[in-house]
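Engineer: Counting with mature numbering (1 follows the signal peptide of the UniProt record, and there is no 0), you get residues -32 to -1, 1 to 292 for the letters of the sequence shown.
Just so it is clear, CB atoms sit at the ideal spot from N, CA and C, and this is done for glycine as well.
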Amino acid sequence: MRAVITGKWRQRAHASAFCAALLLCAASPARAQASAGAQITNVASLHFSVDGENASISSNLVATRVGEILDVRLQALGTGTVEVSTGEADRGIPFLLTNSGNGSEAFVLSATAGGAALPAGTLFIDADRNGEFDPAIDTAIGAGGATPEIGPGVTLQLLVIIPASNQAGAGVISLHAQSATGAGAPGTTFAGRGDNGTDAVVGSTSAAAAAETPFTATEADASVVKSQQVVAPDGTSSPVSGATITYRLEVVTRSSARLTAAQLADPIPAGTTYLPGSLKIDGASLSDAADADNGRFEGSSILVALGDIDQPTTRVVTFQVKIQ
């Protein structure tokens, strides 16, 4: 640092240099990780007395910009082995990702089940953090497998969906996360690729993390697969007001156990109204009233009684609603 003395104190300071008291103003110790791109400035001051008069002068300002540290943590949520029923189409395994660096960062994800790489469309952000997959609100990880950028200390709860093709025997669900900027040995530098044009430096986690959850797949006594078809008033598939949605429920039962008093229920979605007379089973119409047939509309949901089932069978139930 260079101190510049100006004004009437210039001559006196030279004459009294040996009796001046030098006090440097140091920055306070850091209490938390400095944010990437933050500006750190420092100015020193010289306080002294000449002929009984107090004075002070300041040094020039020096500044540095904090670089971005790339770090990530990943953990499996829950304990023990997860049981997955064969044919369960929407079972999600939850994980928690934390940006433990000091800048905003996206993370590239990849997952395997039983050692086999999982295809696109199996990784989601658990929007309501309930550990259950809800396609209406949970956000799919897009092309390239990268999350949105998240700030330092921010967490994302993730879900890995096990495809039916991977639901066999026992295995392990493994999730891997890596900084989108880059990873490598701690100290590896990516020049100019940090926040605000700073350098990005790999931290102690190597900017990559992995976590796993064991699972076992067992054959379910029954499964239900739901699909939908939308037809708008103009004949297109646009889900606009006035469009009709036809729901198809395929119920498959197996011979591993006898099912008694089986009943299928499906609530009418909010924002839609049920179309009277649209309820069918295996193509045959069912009345909406609680009468002799095994289907009815209860005002907020459809109910279909399947009765006792002791052999493999498939039943198909359909009904329609209109978007308000």
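Leaving out the 5 sequence neighbours to the left and right, which residues in its chain are closer than 8 Å to residue 208 when beta-carbon positions are compared?
Structural biologist: 200, 201 and 291
Engineer: Within 10 Å of its beta-carbon, does residue 62 have 16 or more other beta-carbons around it, so buried, or fewer, so exposed?
Structural biologist: Residue 62 sits buried, since 16 or more C-beta atoms from the chains shown fall within 10 Å of its C-beta.
Engineer: Compare the beta carbon distance of residue 293 and residue 77 with 8 Å and say whether it is the shorter of the two.
Structural biologist: Given a span of -32 to 292 for the chain in the structure shown, any question on residue 293 remains unanswerable.
Engineer: I need the DSSP call for residue 10, collapsed to helix, strand or coil.
Structural biologist: strand
Engineer: Whole angstroms are fine: how far does the CA of residue 114 sit from the CA of residue 37?
Structural biologist: 19 Å
Engineer: Which residues bound the beta strand (DSSP E) around residue 161?
Structural biologist: Looking at the DSSP string, residue 161 is not in any beta strand (DSSP E), and its letter there is neither H nor E.
Engineer: Can you look up residue -12 in the DSSP assignment and give me helix, strand or coil?
Structural biologist: Because the pLDDT at residue -12 is just 34, under 50, the model does not fix this residue reliably, and the value given afterwards should be weighed accordingly. It is a strand residue.
Engineer: Does residue 166 pass the burial test, meaning 16 or more other C-beta atoms within 10 Å, or should it be called exposed?
Structural biologist: It counts as buried.
Engineer: Near residue 149, which residues of its chain fall below 7 Å by C-beta distance, leaving aside the five closest residues on each side in sequence?
Structural biologist: 38, 73, 158, 161 and 168
Engineer: With distances taken from CA atoms, which of 79, 16 and 287 is nearest residue 194?
Structural biologist: 287
Engineer: Just to confirm the assignment, what range does the beta strand (DSSP E) spanning residue 67 have?
Structural biologist: 60 to 67
Engineer: Roughly how many whole angstroms lie between the Cα atoms of residue 276 and residue 228?
Structural biologist: 4 Å
Engineer: Which value, in whole angstroms, describes the spacing of the CA atoms of residue 112 and residue 91?
Structural biologist: 11 Å
Engineer: Any idea what DSSP makes of residue 275, helix, strand or coil?
Structural biologist: strand
Engineer: If you draw a straight line from the alpha carbon of residue 27 to that of residue 12, how long is it in whole angstroms?
Structural biologist: Cα to Cα, the separation comes out at about 5 Å.
Engineer: What separation, rounded to the nearest whole angstrom, lies between the Cα atoms of residue 226 and residue 120?
Structural biologist: Using only the alpha carbons, I get a separation of about 53 Å.
Engineer: Under three-state DSSP, which class holds residue 113?
Structural biologist: Residue state, collapsed to three classes: helix.
Engineer: Taking the alpha-carbon positions, what's the residue 196 to residue 5 distance?
Structural biologist: 49 Å
Engineer: Please report the straight-line C-alpha distance between residue 240 and residue 122, rounded to a whole angstrom.
Structural biologist: 36 Å
Engineer: Here's the rule I'm using: 16 or more other beta-carbon atoms within 10 Å means buried, otherwise exposed. How should residue 173 be labelled?
Structural biologist: With 16 or more other Cβ atoms within 10 Å, it is buried.
Engineer: Have a look at 93, 184, 177 and 105 and flag the residue whose alpha-carbon is nearest the alpha-carbon of residue 50.
Structural biologist: 184
Engineer: Between which two residues does the beta strand (DSSP E) carrying residue 214 extend?
Structural biologist: Per DSSP, the continuous beta strand (DSSP E) segment holding residue 214 begins and ends at 212 to 221.
Engineer: Is residue 146 buried or exposed, if buried means 16 or more other CB atoms sit within 10 Å of its CB?
Structural biologist: buried
Engineer: Determine the burial state of residue 59: buried for a count of at least 16 other Cβ atoms within 10 Å of its Cβ, exposed for fewer.
Structural biologist: buried
Engineer: Quick one: grab the DSSP three-state call for residue 152.
Structural biologist: Per DSSP, reduced to three states, the secondary structure at residue 152 is coil, with no helix or strand assignment.
Engineer: In angstroms with no decimal places, state the Cα-to-Cα distance between residue 216 and residue 41.
Structural biologist: 41 Å
Engineer: Less than 6 Å between C-beta atoms, sequence neighbours within five positions excluded: which residues of the same chain meet that for residue 205?
Structural biologist: 198
Engineer: When you compare each of 238, 255 and 235 to residue 244 by their alpha carbons, which one comes out closest?
Structural biologist: The residue with the shortest Cα to Cα distance from residue 244 is 255.
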